[in-house]
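Engineer: Got a structure here, written out as structure tokens. Questions coming.
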Amino acid sequence: MKRKIIITASLLVATLIVIIQSCVSTKVTDKSGNQLWSENCQRCHNTPPSSAFTNIQWEIVNTHMKQRAMLTDEEYKKILDFMQQGD
Amino acid sequence: MRTKIFITLLSFSLIASASHAQQYNEELIDSLIKSKAQAQVARNSKFLISGYTNMTARFSKDESSFSNISLVPILLWKPSEKILVEAELETGLEGSETSIELGYADVSFFVNKYLTIRTGKFISPFGIFQDRLHPSWINKLPTFPVGTGEDELGVGPTSEIGVDFRGGVPLGTAKMNYSVFLANGAQLITDPAEPEKQGTLTYGNAEAISKKLTAGGRLGLLPFSNSSLELGVSYRTGNVGDKNSTYKNVGAQMYAFDLTYVHQLEFIKGLFDVKAQYNKVNVDKAAYIDPDDQTGNTPYTFDNKRSSFFTQAAYKPTMLQNKFLKKAELVFRYAEYNPPDGAKDADDIKQYTYGLNYWFTWRTVLKAAYQSQKDNNVFFLQIAVGF
């Protein structure tokens, strides 16, 4: 039990420290597709390079991610534009 | 006479060459139309096969083997701007047999900026592990945390059959997401032949088990504009007893809390990734047939409340200059499972997993992990590839 409390508390404290370190506030409208791509993809998995898919495939993948990761409409459009520019 | 023969032969040859030319032109036009149409179809065909595959080797004191070989293709099709069709087929080897299971198959309608309706079989939006982290190329360890799988130790749903309303909503510099669903009920296992499963639930049932549908959902809040932190709460309620049995009024309420924190931090020169989830399932009290009683007539009951918890931290030094080190990743996970007091199933489980990953590409990883669990310590090697 002690071990569990120590592990959980350590992780919470570490998380709190880094949360405080990362407090920034910029509206989605002021962000680039590049920034949104980096911030949103890495929440679950590594960020894919734009060369991973063709433009049409990016449209399908991003639609899938809009539904699964519940991206906002603006995030979806900006990320898709950014990924398709690299094709 | 000679002139007549000459004219006749000339006429025949002219007719023959005209006919040949016509046939040639038709073939040429056909082939031109075909190639144009194929190019058009290729441009407009929004179909993609994605997915992942993995193979695992496990080494323990009593047994070493190559196992958990699976190939999971995901079919994605966007027939129009507002519609997405997706299906996941989980194929794998179980012993010498090949198993094929439908992970999910659903259609999503993008109604407006804030609302998507999906219907079919979908991954349950209950917590984050099953919904987002379970694919082997995403999961940072070769195993699932205890309590999050589809086995008898699973606490909470993994899939649903029904309809789900979901979307992402901006809230100034923050944002939220929601998912609300109506689905077929879970099924309560009562069979005394499977004492370890008595009182547990199965999910994603295609048939109506209980009279009414089950309702549930998840609400996620991302308070920071960089989306680094997400806090989620999930709930699900409904009857679980067979409508034709004495268990018809037995219900189950379940809830989950989850946390995600992922951010690249300058002072540690890398990506720090924390995930945590707590699941709780409360099933109404019911009398089960005691499997230990030979007569099969003695009922027994217990306080059917079970829970599970996991927390995972990972660090990847992505900001280092060294090309080898920046692709390495350290992972630690603690997980536990708490069965109901008085049930005939497993004891408490505490699981510690330590991992070291190497990412060859953004979606190809070699994982080495050591998992320590009471009397069951195993070393794993897994290769996972997303495609």
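Taken in order, these protein sequences are the chains called A and B. Reading the first sequence from the start, the letters are residues 1 to 87 in our numbering. Reading the second sequence from the start, the letters are residues 1001 to 1387 in our numbering. Note that CB positions come from ideal geometry on N, CA and C, so glycine has one too.
Rounded to whole angstroms, what's the CA-CA distance from L1325 (chain B) to P1317 (chain B)? Just pull it up for me.
Structural biologist: Here residue 1325 (chain B) refers to the residue found at position 325 of the second sequence. Here residue 1317 (chain B) refers to the residue found at position 317 of the second sequence. Approximately 7 Å, taken between the alpha carbons.
Engineer: If you count every other CB in all the chains shown that lies within 10 Å of the CB of K1034 (chain B), and 16 or more means buried, which is it?
Structural biologist: Position 34 of the second sequence holds residue 1034 (chain B). Exposed is the call here.
Engineer: If you draw a straight line from the C-alpha of Y1315 (chain B) to the C-alpha of A1369 (chain B), how long is it?
Structural biologist: Your numbering for residue 1315 (chain B) matches position 315 in the second sequence. Your numbering for residue 1369 (chain B) matches position 369 in the second sequence. Cα to Cα, the separation comes out at about 15 Å.
Engineer: What residues in its chain sit with their C-beta under 7 Å from that of P1294 (chain B), if we drop five residues either side in the sequence?
Structural biologist: The count along the second sequence starts at 1 and reaches residue 1294 (chain B) at position 294. Rather than Pro, the amino acid found at residue 1294 (chain B) in this sequence is Gln. For Q1294 (chain B), where only same-chain residues beyond five positions count, there are no Cβ hits under 7 Å.
Engineer: Quick check: is the beta carbon of S1234 (chain B) nearer than 8 Å to any beta carbon in chain A?
Structural biologist: Counted from its first residue, the second sequence places residue 1234 (chain B) at position 234. Chain A, which has no Cβ nearer than 8 Å to the Cβ of S1234 (chain B), makes this no.
Engineer: Given this structure, state the Cα-to-Cα distance separating R43 (chain A) from Q1130 (chain B), to the nearest angstrom.
Structural biologist: As a working note, residue 43 (chain A) is residue 43 in the first sequence. As a working note, residue 1130 (chain B) is residue 130 in the second sequence. The straight-line gap from Cα to Cα measures roughly 15 Å.
Engineer: One question on the structure: do G1232 (chain B) and D1258 (chain B) come within less than 8 Å of each other, judged by their Cβ atoms?
Structural biologist: The count along the second sequence starts at 1 and reaches residue 1232 (chain B) at position 232. The count along the second sequence starts at 1 and reaches residue 1258 (chain B) at position 258. Yes.
Engineer: Nearest chain A C-beta to E1230 (chain B) closer than 8 Å, yes or no?
Structural biologist: In the second sequence, the residue the question calls residue 1230 (chain B) occupies position 230. Yes, its Cβ sits closer than 8 Å to a Cβ of chain A.
Engineer: Within a Cβ cutoff of 7 Å, which residues of the same chain sit near P1157 (chain B), ignoring the five residues on either side of it in sequence?
Structural biologist: The residue given as residue 1157 (chain B) occupies position 157 in the second sequence. Here the set comprises S1124, F1126, A1186, Y1203 and R1236.
Engineer: What is the DSSP secondary structure of G33 (chain A), reduced to helix, strand or coil?
Structural biologist: One-based indexing of the first sequence puts residue 33 (chain A) at position 33. G33 (chain A): helix per DSSP, three-state reduction.
Engineer: Assign Y1337 (chain B) to one of two classes, buried (16 or more other C-beta atoms within 10 Å of its C-beta) or exposed (fewer than that).
Structural biologist: Indexing the second sequence from 1 puts residue 1337 (chain B) at position 337. Buried.
Engineer: On the DSSP bridge list, what partners appear for P1299 (chain B)?
Structural biologist: One-based indexing of the second sequence puts residue 1299 (chain B) at position 299. DSSP lists B:I1289 as partners of P1299 (chain B).
Engineer: Note down, in chain order, every chain A residue with its Cβ under 8 Å from the Cβ of S1136 (chain B).
Structural biologist: The residue given as residue 1136 (chain B) occupies position 136 in the second sequence. Simply none; closest approach about 11 Å.
Engineer: How big is the Cα-Cα spacing for E1097 (chain B) and E1090 (chain B)?
Structural biologist: Here the question's residue 1097 (chain B) lines up with position 97 in the second sequence. Here the question's residue 1090 (chain B) lines up with position 90 in the second sequence. Answer to the nearest angstrom: the Cα atoms are 14 Å apart.
Engineer: Between the Cα of S1108 (chain B) and the Cα atoms of A:F82, A:R68 and A:E75, which residue gives the shortest distance?
Structural biologist: Residue mapping note: residue 1108 (chain B) aligns to position 108 of the second sequence, counting from 1. The shortest CA-to-CA distance from S1108 (chain B) to any of A:F82, A:R68 and A:E75 is the one to A:R68.
Engineer: Using the three-state DSSP reduction, which class does V28 (chain A) fall into: helix, strand or coil?
Structural biologist: Here residue 28 (chain A) is taken as the residue at index 28 of the first sequence, counted from 1. Residue state, collapsed to three classes: helix.
Engineer: Looking at the C-beta of E1086 (chain B), does it have a partner C-beta in chain A at a distance below 8 Å?
Structural biologist: Looking up residue 1086 (chain B) in the second sequence gives position 86. Taking Cβ atoms only, chain A reaches closer than 8 Å to E1086 (chain B), which makes this a yes.
Engineer: Report the rounded CA-to-CA distance for F1165 (chain B) versus P1223 (chain B), giving the unit in angstroms.
Structural biologist: By one-based count along the second sequence, residue 1165 (chain B) stands at place 165. By one-based count along the second sequence, residue 1223 (chain B) stands at place 223. So the alpha carbons of these two residues sit roughly 22 Å apart.
Engineer: Assuming L1084 (chain B) and H64 (chain A) make a contact with CB atoms under 8 Å, what is their CB distance in whole Å?
Structural biologist: Reading the second sequence from its first residue, position 84 is the one you call residue 1084 (chain B). Reading the first sequence from its first residue, position 64 is the one you call residue 64 (chain A). Contact holds; Cβ gap of about 6 Å.
Engineer: For G1199 (chain B) versus N1282 (chain B), is the C-beta spacing smaller than 8 Å?
Structural biologist: Numbered from 1 along the second sequence, position 199 holds the residue referred to as residue 1199 (chain B). Numbered from 1 along the second sequence, position 282 holds the residue referred to as residue 1282 (chain B). For G1199 (chain B) and N1282 (chain B), no; Cβs fall outside 8 Å.
Engineer: Shortest alpha-carbon distance to T1053 (chain B) belongs to which of B:W1137, B:K1036, B:F1047 and B:L1032?
Structural biologist: On the second sequence, position 53 is the one that residue 1053 (chain B) refers to. If we check each option's Cα against that of T1053 (chain B), B:W1137 comes out closest.
Engineer: The beta strand (DSSP E) spanning M1319 (chain B) covers which residue range?
Structural biologist: The count along the second sequence starts at 1 and reaches residue 1319 (chain B) at position 319. It is not in any beta strand (DSSP E) - M1319 (chain B) carries neither H nor E in the DSSP assignment.
Engineer: On the premise that N1184 (chain B) lies in contact with K1211 (chain B), defined as a C-beta separation below 8 Å, what is that separation, rounded to the nearest angstrom?
Structural biologist: As a working mapping, residue 1211 (chain B) is identified with position 211 in the second sequence. As a working mapping, residue 1184 (chain B) is identified with position 184 in the second sequence. Beta-carbon to beta-carbon, K1211 (chain B) and N1184 (chain B) are separated by about 11 Å, too far to satisfy the 8 Å threshold.
Engineer: Go through its chain and collect everything with a Cβ distance to L80 (chain A)'s Cβ below 8 Å, but skip five positions before and after it.
Structural biologist: The sequence position of residue 80 (chain A) within the first sequence is 80, counting from 1. Contacts found: G33, W58, E59 and N62.
Engineer: Please go through the same chain and pick out, in chain order, the residues whose beta-carbon is closer than 8 Å to the beta-carbon of S1245 (chain B), but skip the five residues on each side of it.
Structural biologist: Counting from one through the second sequence, the residue named residue 1245 (chain B) turns up at place 245. The answer, listed in chain order, is T1190.
Engineer: I need the boundaries of the alpha helix (DSSP H) containing K1211 (chain B), first residue and last residue.
Structural biologist: Position 211 of the second sequence, counting from 1, holds the residue named residue 1211 (chain B). Unbroken run through K1211 (chain B): none, as it is neither H nor E.
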